[in-house]
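Take a look at the structure below.
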Amino acid sequence: MTRIDRRALFASGAAAALLAATGASLADTPKSGGVLRLAVPRDDSLEQVARGAVFDNLTEIAPDGTLRGELATGWQTDADARVWTFDLREDARFHDGDALRVEDVLAVLAQVGQVEVLDPNRLRLELTEANPGLPFLLADSRFVITRGGQDVTPLKSANGTGCYRVERAEDGRHFLGRRVAGHYKDGQAGWLDAVEIVVIPDATVRAEALRDGFVDVAAMPDADGIRSVRGLRFHPTEVEMALAVSSNVGLPRQIGRQGPLDDGRVAERWWMI
Numbered sequence: 473m474t475r476i477d478r479r480a481l482f483a484s485g486a487a488a489a490l491l492a493a494t495g496a497s498l499a500d501t502p503k504s505g506g507v508l509r510l511a512v513p514r515d516d517s518l519e520q521v522a523r524g525a526v527f528d529n530l531t532e533i534a535p536d537g538t539l540r541g542e543l544a545t546g547w548q549t550d551a552d553a554r555v556w557t558f559d560l561r562e563d564a565r566f567h568d569g570d571a572l573r574v575e576d577v578l579a580v581l582a583q584v585g586q587v588e589v590l591d592p593n594r595l596r597l598e599l600t601e602a603n604p605g606l607p608f609l610l611a612d613s614r615f616v617i618t619r620g621g622q623d624v625t626p627l628k629s630a631n632g633t634g635c636y637r638v639e640r641a642e643d644g645r646h647f648l649g650r651r652v653a654g655h656y657k658d659g660q661a662g663w664l665d666a667v668e669i670v671v672i673p674d675a676t677v678r679a680e681a682l683r684d685g686f687v688d689v690a691a692m693p694d695a696d697g698i699r700s701v702r703g704l705r706f707h708p709t710e711v712e713m714a715l716a717v718s719s720n721v722g723l724p725r726q727i728g729r730q731g732p733l734d735d736g737r738v739a740e741r742w743w744m745i
């Protein structure tokens, strides 16, 4: 729960109504196509964004902090928040072509409680202790759904149900993901044709790559030199910079301040203007 902006969670309804009343600019409207290129340091940023592109969870946290279903279409719990049932999507497929099965979800939910299959697209989870925040917990990257409980590494062989399949990858160095055709999120997410992530350890070199147009986004914490470059935006703010973003990149109107890389969902949520 530490990564969730609770104020955004409760304010999102009012914010959505306000946006509907005022409208949005063209730059705020997602459009399909293009390749988003990110330069990141040698930390876990590459894996975070790549996993967010390749894999799905049962639930996800939207940019405004609200909870929504992903591979789960719905869930219910008892009065004590200890026994849960989850309904699964019937139109999700892994990148190897196999359909999502309830057995694929069992391997993940078994980490948190005792699981029972109720039917091919429904299961029951019993916790040892009550947890009303369970759906938020299951949005964490620790609980991505893999084929039959397979490992998420190495990236080159990652097989998920996300919007992007791995085209080329080398752990800790480079990732190229290509948009999946006919994905269940068509029209809702995955606006880019492809996303490419490259590890550049030196912050000065990352800044040069962004300034010269070789990348569109660069992780640039505490980078004073980049602030004078025209045409860039800074997230979350210029003072508290974590990312420097080219003006040709479209971003959601609201991104949680606790996750500069949009909780690893950059490839799904961002677009090229």
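Residue numbers for the sequence shown follow my numbering, beginning at 473 and rising by one. Idealized CB from N, CA, C, for every residue including glycine.
Please confirm whether residue i and residue j have their CB atoms less than 7 Å apart.
| i | j | result |
| --- | --- | --- |
| residue 751 | residue 528 | Only positions 473 to 745 of the chain appear in the structure, and residue 751 is not among them; the question remains open. |
| residue 736 | residue 520 | yes |
| residue 526 | residue 636 | yes |
| residue 551 | residue 604 | no |
| residue 715 | residue 732 | yes |
| residue 580 | residue 615 | yes |
| residue 688 | residue 508 | yes |
| residue 522 | residue 656 | no |
| residue 544 | residue 566 | no |
| residue 574 | residue 589 | yes |
| residue 506 | residue 692 | no |
| residue 595 | residue 530 | no |
| residue 607 | residue 539 | yes |
| residue 642 | residue 593 | no |
| residue 537 | residue 697 | no |
| residue 752 | residue 668 | The structure shown does not extend to residue 752, since the chain is modelled only from 473 through 745, so no value can be given for it. |
Candidates the options: which alpha carbon is nearest residue i's?
| i | options | result |
| --- | --- | --- |
| residue 646 | 500, 577, 515 | 515 |
| residue 654 | 719, 610, 634, 669 | 634 |
| residue 541 | 572, 560, 711, 589 | 560 |
| residue 742 | 678, 666, 700 | 666 |
| residue 532 | 522, 705, 612 | 612 |
| residue 661 | 534, 512, 517, 628 | 534 |
| residue 511 | 727, 648, 725 | 648 |
| residue 674 | 578, 507, 618, 513 | 513 |
| residue 684 | 671, 669, 701, 692 | 701 |
| residue 500 | 740, 726, 711, 734 | 726 |
| residue 670 | 690, 538, 676 | 690 |
| residue 502 | 677, 664, 672, 621 | 664 |
For residue i, which of helix, strand or coil comes out of DSSP?
| i | result |
| --- | --- |
| residue 647 | strand |
| residue 669 | strand |
| residue 531 | strand |
| residue 686 | coil |
| residue 586 | strand |
| residue 721 | strand |
| residue 496 | Because the pLDDT at residue 496 is just 44, under 50, the model does not fix this residue reliably, and the point stays unresolved. |
| residue 567 | coil |
| residue 539 | strand |
| residue 573 | coil |
| residue 639 | strand |
| residue 525 | helix |
| residue 681 | helix |
| residue 733 | coil |
| residue 579 | helix |
| residue 676 | helix |
Which partner residues of residue i appear in the DSSP bridge assignment?
| i | result |
| --- | --- |
| residue 707 | 715 |
| residue 598 | 555, 586 |
| residue 738 | Bridge partners of residue 738: none, in fact. |
| residue 509 | 668 |
| residue 560 | 544 |
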